[in-house]
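Structural data, given as structure tokens:
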């Protein structure tokens, strides 16, 4: 693999056009890839939002790929986005990195220090967990409310208007993210093995999963899971589980109902800790829903079931299905923070 | 790494003493290492059993380390055991390889073919899942009854006197081996994260596990699990869970009770499928108990609880805690098979 150093990567700037107006970079680093968007800083709130450029690279979760590779990926995706938008680093007024694996203030500080080496001191820098970008994608950059992400993994993340934050789950399957696409699929595989062993009830999941994977017998599942234990590969079984449930399989239905319970409990834990629903639970707050597990299917709509479950306790929760991707959410977060600051300055002057 | 070819490995034979009597090789290839013992074929049943040599190497599960490395490890451990016992391949009359990862007749045949290239045609060859060696270690080589192994992983494996066999679990954590040391520890970690998130009850496991790992906060568990997701490393938390349960922690006690239920259900599934308990369930059969999860602690004795649970349905089950290790069980299995054949020949002649 060719290794780019920080120096090499930013050399592209030399051949670019002169200053063309300030921009903001928003980066969403999820479990499987990293997306960077470049938006104008002086942005009118049009629909659709004016995205100057968009670039994609591999995983940048430092826990998964190591710190060096994570940084290299993030630097590359940002330099390419600027190149594509015909901008330079001197045009950047803010950067928001929202990356999976930022779980601790130490992670956050390390990345801020490293970003500070790349961008001049006037550039506003924000480093957040990728869940925060997903929240911002539903709230146009405002950090208030709760987001539930359920794709390969799952996490619930929330903010109060005065800046307190809380999260639940998002710790990977060893630490019990059972409502996720991985969790649902792993439970379905377990159900197949249990039925085969005589430890659990017969289920249509057996034939449906074996057909989907092109395997002849549940014995072969052991070799299949060992081959490559990446969570995304296991999570790809989600549609088979949903279809089995929609065809009336009880075991598959039970797994999906459990998933609803798990996901709702993550949301409720965050909402309760932040007191988002107020004293009577009726205070309104956005509940941003993101990820393939939460999308509607033919008959099963896990996302809707989770919303029903949450609004029983917190009727003020209003669901939002974002129209923009999390990388745009990250950029909007930075945009919103700058706008608030400017607003504060104006008020101070007055 | 220096790579030995099959040819090199067996070169040691050239410098050895001449024929000194037939021997049997027994190999136990588990999740973390591979043990080979060499015993005399004309073995009087002394106590302790006469083990001529014992050698140890790394993991030989082809699913974990790949086929080439698994074979190389197995070949090395056998050639070294012969060297240490001052024997040559021509002294070997039987070999039993009992290796984790043999889950399918195809795995078995591939290994038999490969063994056949190493040993002359008169040598009796046996290839089994490593659970079979554990059973044989409790029954002096006779394949009858059920074994329950619960160490890092877990499996139940059984045989009828007429050669039918069945297994339950043993498919790894993705496929739901929740009664194992890994399973117990992963559930304890999950309970800590849930308590921290506000999704589950407070538990003494939090402080006990953080102290054991030298971590300051449950946040840091995410990084800790990502660092190295090997099952054995997670399973090392077992004593902390048992101690927490013994100190009265309800969450830890619930996890251990669940583990008992899971392990007993694996045994019962095997016993039922093989009809080991006969029509009334009272027919006697050995229940061999192996692995650190099943050892007695101060107050908690998971093994004993599992036995209580099994004997409620199958009062004929008599528990055996083997005095010899599984590699000796593998050798005894081969010894027993040869003896039965010889016995059969004698009876045929009569």
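Residue numbers (this note's numbering), protein chains in the order written: chain A, 7 to 356; chain B, 7 to 356.
Don't be surprised by glycine CBs; every beta carbon is placed ideally from N, CA and C.
| Asked | Found |
| --- | --- |
| Residues of its chain near residue 337 of chain A, where Cβ-Cβ distance is below 6 Å and the 5 sequence neighbours each way are ignored | 30, 32, 43 and 45 |
| Alpha-carbon spacing of residue 151 of chain B relative to residue 312 of chain B, whole angstroms | 16 Å |
| Three-way DSSP call (helix, strand, coil) for residue 71 of chain A in this model | helix |
| 8 Å Cβ cutoff, residue 203 of chain B in contact with chain A | yes |
| Burial state of residue 68 of chain B, where buried means 16 or more other Cβ atoms lie within 10 Å | buried |
| Check whether residue 184 of chain A and residue 268 of chain A have beta carbons under 8 Å apart | yes |
| Partners in chain B for residue 110 of chain A, counting only beta-carbon separations shorter than 9 Å | 223, 225, 226, 228 and 229 |
| Residue-level contact to chain B via CB, residue 269 of chain A, 8 Å cutoff | no |
| Neighbourhood of residue 80 of chain A by C-beta, 6 Å cutoff - its chain only, sequence neighbours within 5 removed | 66 |
| Separation of residue 228 of chain B from residue 198 of chain B, as counted between CA atoms | 11 Å |
| Selection of the stretch 175-204 of chain B by Cβ proximity to chain A, strictly under 7 Å | 175, 177, 178, 180, 181, 182, 192, 195, 196, 199, 200, 203 and 204 |
| Per-residue contacts from residue 275 of chain A into chain B (C-beta, under 7 Å) | 203, 204 and 205 |
| Test item: CB-CB of residue 224 of chain B and residue 212 of chain B under 8 Å | yes |
| Residues that residue 272 of chain B contacts on chain A, provided the C-beta gap is smaller than 8 Å | 203 and 205 |
| Distance between residue 109 of chain A and residue 187 of chain A (C-alpha atoms, nearest Å) | 21 Å |
| Contact with chain B by residue 279 of chain A, beta-carbon distance below 8 Å | yes |
| Contact set between the stretch 68-94 of chain A and chain B, restricted to residues whose Cβ is under 8 Å from the partner | 69 and 70 |
| Partners in chain B for residue 115 of chain A, counting only beta-carbon separations shorter than 9 Å | Going along chain B, no residue has its Cβ under 9 Å from residue 115 of chain A, so there is no contact; the nearest lies around 14 Å. |
| Members of the stretch 160-173 of chain A that neighbour chain B once the beta carbon cut-off is set at 9 Å | 162, 172 and 173 |
| Contact the stretch 285-299 of chain A vs the stretch 153-164 of chain A: 3+ CB pairs below 8 Å | yes |
| Residue 152 of chain B: first and last residue of the uninterrupted alpha helix (DSSP H) it sits in | No alpha helix (DSSP H) holds residue 152 of chain B; the beta strand (DSSP E) holding it covers 151-156. |
| Between the CA atoms of residue 107 of chain B and residue 161 of chain B - distance to the nearest angstrom | 12 Å |
| CB contact check: residue 232 of chain B to chain A, cutoff 8 Å | yes |
| Inter-residue spacing [alpha-carbon to alpha-carbon] between residue 264 of chain A and residue 180 of chain B | 17 Å |
| Whole-angstrom distance between residue 248 of chain B and residue 254 of chain B, CA atom to CA atom | 10 Å |
| Collapsed DSSP secondary structure at residue 330 of chain B in the structure displayed | coil |
| contact_flag[the stretch 272-284 of chain A, the stretch 128-148 of chain A] where n(CB pairs < 8 Å) is 3 or more | no |
| Residue 335 of chain A and residue 192 of chain A closer than 8 Å at C-beta | no |
| Any C-beta of chain B under 8 Å from that of residue 261 of chain A | no |
| Close Cβ partners of residue 166 of chain A (< 8 Å) along its chain, the five nearest in sequence each way excluded | 150, 280, 281 and 282 |
| Under 8 Å between C-beta atoms of residue 182 of chain B and residue 200 of chain A | yes |
| Identity of the residues DSSP links to residue 45 of chain B by a beta bridge | B:30 |
| Contacting residues, own chain, Cβ-Cβ under 6 Å from residue 326 of chain B (five flanking each side not counted) | 144, 292 and 294 |
| With 16 other Cβ atoms within 10 Å as the buried cut-off, status of residue 101 of chain A | buried |
| Rounded distance between the beta-carbons of residue 287 of chain A and residue 245 of chain A, thought under 8 Å | Actually they do not touch by this definition, with Cβ atoms about 35 Å apart. |
| Residues, ordered as in the chain, of the stretch 234-245 of chain A that lie near chain B by beta-carbon distance below 9 Å | 235 and 240 |
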